[in-house]
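Peer 1: For reference, the structure I am asking about is given below.
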RNA sequence: GGCCCCUUAGCUCAAUUGGCAGAGCAAUUGACUCUUAAUCAAUAGGUUGAUGGUUCGAUUCCAUCAGGGGUCACCA
């Protein structure tokens with residue numbers, strides 16, 4: 001507000017009248033609050049007095065309790081809170097004057113000795129005060145914190161200052177990504193970065209964002225998946241590769257979708273989809289060990305056991321089971337069409353057979369897959385990049401991992417037959433003509449790479465944001481992305 | 001994009017079929033040298049998201065718009 005801004009501006013002016021620099025350049029802390037707390041919390045008041053340990057530290061003022069000639073404040077260093085105590089007789093006249101110009105939200109440094117109050121709270125008795133930065137706006141309320149979701153996401157820094165749980169979520173996100181990365185490095189994978197701007201969008205069924213390169217005067221597409229580039233690396237003989245990076249899909253926003261999101265994709269030559277289901281279980285086990293000692297997550301009102309091995313069900317069989325249509329009828333486009341029209345007349349009829357099967361899966365199966373479950377053997381018609389099944393020509397060696405009703409991972413034995421791949425792309429083009437505007441385009445440069453010969457390989461993508469949701473219990477993807485996309489205001 | 005809900009002080013929230021817009025925290029002034037949601041006294045702070053309409057009178061009822069949340073669709 002204008003008035004509070006003015007008041008604080010006045011205080012800043014008074015600082016320079018005292019000869020205090022409003023924006024100094026640096027400050028030396030001897031310890032972070034966490035270290036101070038860890039080192040001294042078990043010492044008695046007497047022991048601390050004896051030790052007379054002098055330290056310096058810095059933080060943002062979250063609360064001030066002033067009693068005229070003395071004051072307590074709580075500082076926050078972004079991680080922990082620590083109380084400081086300022087007494088008139090213990091500081092210089094200038095520092096005591098400075099103390100009266102401080103506002104909640106200001107950042108200060110202090111030098112002093114560690115002690116415990118009568119209520120046994122570890123605190124710093126201040127000997128020297130250093131002004132570090134002014135806050136011109138009042139902070140959100142200390143007791144209720146910042147509740148308004150819109151403000152929390154638009155002004156995430158305020159959320160981080162007042163709501164400690166938020167910091168915990170992003171610390172956990174960082175740990176999770178670090179663990180995933182270590183998992184693949186430990187197994188000899190090379191981490192790579194492939195283009196974010198693609199001349200031809202590909203690798204997933206999704207609508208892309210379009211951008212433009214001025215010097216070349218060409219349109220480019222923000223990538224929907226790195227898949228087709230990573231497979232070029234397999235052709236090049238990179239035996240084990242992975243990439244953790246952003247993908248962009250021009251689609252709606254929901255509890256589980258943000259237009260830009262983080263995926264890891266990983267590939268390994270001479271492996272198939274069975275190997276990768278096993279590897280996925282190993283990866284989650286490794287994450288459990290570090291982030292989930294109990295092995296169980298609390299998801300809304302349910303508990304989910306994250307311990308492998310996970311259940312495995314076949315795509316067509318699980319739809320058959322839930323819909324009452326026999327597996328053989330499910331392979332009949334006419335039967336499937338009739339079933340949808342009869343039981344779901346409100347649903348617009350999908351343009352292709354594959355989309356109809358996906359619709360039935362969404363309606364009957366997806367939301368019920370709470371416990372970790374691999375859905376396997378997806379039909380060829382909806383898996384244009386997967387290798388055909390050894391058991392049934394109509395199916396592919398593909399799996400998706402579902403947890404808490406969310407798709408977490410998608411992997412398969414990679415199709416490496418360039419002639420077959422070209423046929424699949426052409427089939428996609430026909431789907432596009434029938435109205436499926438997410439059907440993939442022919443990428444001739446990718447096909448050319450395959451024509452040089454790609455060894456058999458397995459590949460997989462895992463949605464990092466959703467994984468973080470699971471491991472933090474966050475109900476919305478916005479809670480695990482620092483700056484989720486919102487409509488710009490004003 | 002469809003449907004439902006929300007928007008009141010910097011923050012968290014009240015306001016009686018439609019009858020003077022309030023509290024706590026934050027802020028200002030003063031008191032106070034172990035407080036911790038500090039306390040005590042006083043003060044200030046509002047175009048009730050925006051624009052129209054109904055009405056003697058609208059935070060309240062209606063319409064449109066904006067932003068957000070939820071849900072469905074799109075989408076992994």
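Numbering (this note's numbering), first residue to last: 1 to 490. Even glycine gets a Cβ: it sits at the ideal position worked out from N, Cα and C. Because the structure is a prediction, the values reported are computed rather than measured.
Mark residue 493 as exposed unless 16 or more other C-beta atoms lie within 10 angstroms of its C-beta, in which case mark it buried.
Peer 2: Residue coverage of the chain in this structure runs from 1 to 490, which leaves residue 493 outside it and unanswerable.
Peer 1: Per the contact definition of three or more C-beta pairs closer than 8 Å, is the segment 262–279 in contact with the segment 446–459?
Peer 2: As far as the Cβ criterion goes, the segment 446–459 touches the segment 262–279, which means the pair count is three or higher.
Peer 1: What is the residue span of the alpha helix (DSSP H) that residue 414 lies within?
Peer 2: Unbroken run through residue 414: none, as it is neither H nor E.
Peer 1: Does residue 316 come out as helix, strand or coil in the three-state DSSP assignment?
Peer 2: Looking at residue 316 - three-state DSSP - the assignment turns out to be helix.
Peer 1: Excluding the five sequence neighbours on either side, which residues of its own chain have a C-beta within less than 8 Å of the C-beta of residue 492, listed in chain order?
Peer 2: Outside the displayed span of the chain (1 to 490) sits residue 492, for which this structure offers no information.
Peer 1: In its own chain, which residues sit with a C-beta less than 6 Å from the C-beta of residue 495, not counting the 5 before and 5 after it?
Peer 2: As shown, the chain starts at 1 and ends at 490. That puts residue 495 outside it, with no answer to give.
Peer 1: Report, in whole angstroms, the separation of the C-beta atoms of residue 8 and residue 136, which I expect to be a contact under 8 Å.
Peer 2: Rounded, the Cβ-Cβ distance is 5 Å, consistent with contact.
Peer 1: My guess is that residue 251 and residue 204 are in contact by the Cβ rule of under 8 Å, so how many angstroms apart are they, rounded?
Peer 2: The pair is not a contact, with the Cβ atoms about 11 Å apart (cut-off 8 Å).
Peer 1: Who are the near neighbours of residue 378 in its chain, counting only those whose CB is closer than 6 Å to its CB and skipping five residues on each side?
Peer 2: Excluding positions up to five away in sequence, the list reads 315, 396 and 398.
Peer 1: Out of 108, 75 and 77, which has the shortest C-alpha to C-alpha gap to residue 24?
Peer 2: With distances taken between Cα atoms, residue 24 lies closest to 108.
Peer 1: Ignoring anything shorter than 4 residues, give me the alpha helix (DSSP H) runs that lie fully in the segment 90–150, in order along the chain.
Peer 2: 93–99, all fully within the segment 90–150.
Peer 1: Candidates 112, 392, 409 and 383: which alpha carbon is nearest residue 512's?
Peer 2: The first residue shown for the chain is 1 and the last is 490, placing residue 512 beyond what the model contains.
Peer 1: Helix or strand or just coil, what does DSSP make of residue 16?
Peer 2: In the structure shown, residue 16 sits in a helix (DSSP, three-state: H, G or I).
Peer 1: Could you compute how far the alpha carbon of residue 460 sits from the alpha carbon of residue 228?
Peer 2: About 12 Å.
Peer 1: Can you tell me the Cα-Cα spacing of residue 6 and residue 476, whole angstroms?
Peer 2: Spanning the two alpha carbons is a distance of roughly 38 Å.
Peer 1: Three-state secondary structure (DSSP) at residue 191?
Peer 2: Residue state, collapsed to three classes: strand.
Peer 1: Alpha carbon to alpha carbon, how far is residue 487 from residue 405? Give it in angstroms, no decimals.
Peer 2: C-alpha separation (whole angstroms): 27 Å.
Peer 1: Residues in its own chain within less than 7 Å of residue 365 by CB, not counting five upstream and five downstream?
Peer 2: If we look at residue 365 and ignore the five residues flanking it on each side, its Cβ neighbours are 318, 319 and 322.
Peer 1: Measure the alpha-carbon distance for residue 442 versus residue 182 and round it to whole angstroms.
Peer 2: If I take the Cα positions, the gap works out to 35 Å.
Peer 1: Should residue 380 go down as buried or exposed, given a rule of 16 or more other Cβ atoms within 10 Å for buried?
Peer 2: Buried: at least 16 other Cβ atoms inside 10 Å.
Peer 1: Quick check: does the Cβ of residue 411 come within less than 7 Å of any heavy atom belonging to the ligand NAP?
Peer 2: Questions concerning the ligand NAP fall outside what the structure shown contains, since it holds no ligand whatsoever.
Peer 1: How big is the Cα-Cα spacing for residue 291 and residue 436?
Peer 2: Cα to Cα, the separation comes out at about 41 Å.
Peer 1: Please report the Cβ distance between residue 180 and residue 283, rounded to the nearest whole angstrom; I am assuming they are in contact, meaning their Cβ atoms lie under 8 Å.
Peer 2: Right, the Cβ-Cβ distance comes to about 7 Å (below 8 Å), so this counts as a contact.
Peer 1: Rounded to whole angstroms, what is the Cα-Cα separation between residue 197 and residue 465?
Peer 2: The straight-line gap from Cα to Cα measures roughly 21 Å.
Peer 1: Check the DSSP bridge columns for residue 299 and list the partner residues they point to.
Peer 2: DSSP lists 302 as partners of residue 299.
Peer 1: Is residue 151 closer than 8 Å to residue 15 when the C-beta atoms are compared?
Peer 2: Against a cut-off of 8 Å, the Cβ pair of residue 151 and residue 15 comes out as no contact.
Peer 1: Under DSSP, the beta strand (DSSP E) around residue 375 begins and ends at which residues?
Peer 2: Counting along the chain, the beta strand (DSSP E) containing residue 375 begins and ends at 373–376.
Peer 1: I want to know whether the segment 148–166 touches the segment 109–126 - three or more CB-CB distances under 8 Å.
Peer 2: Judged by Cβ distances under 8 Å, the segment 148–166 makes no contact with the segment 109–126, as fewer than three pairs qualify.
Peer 1: In this structure, how does DSSP classify residue 196 when only helix, strand and coil are distinguished?
Peer 2: Three-state DSSP puts residue 196 in coil, outside helix and strand.
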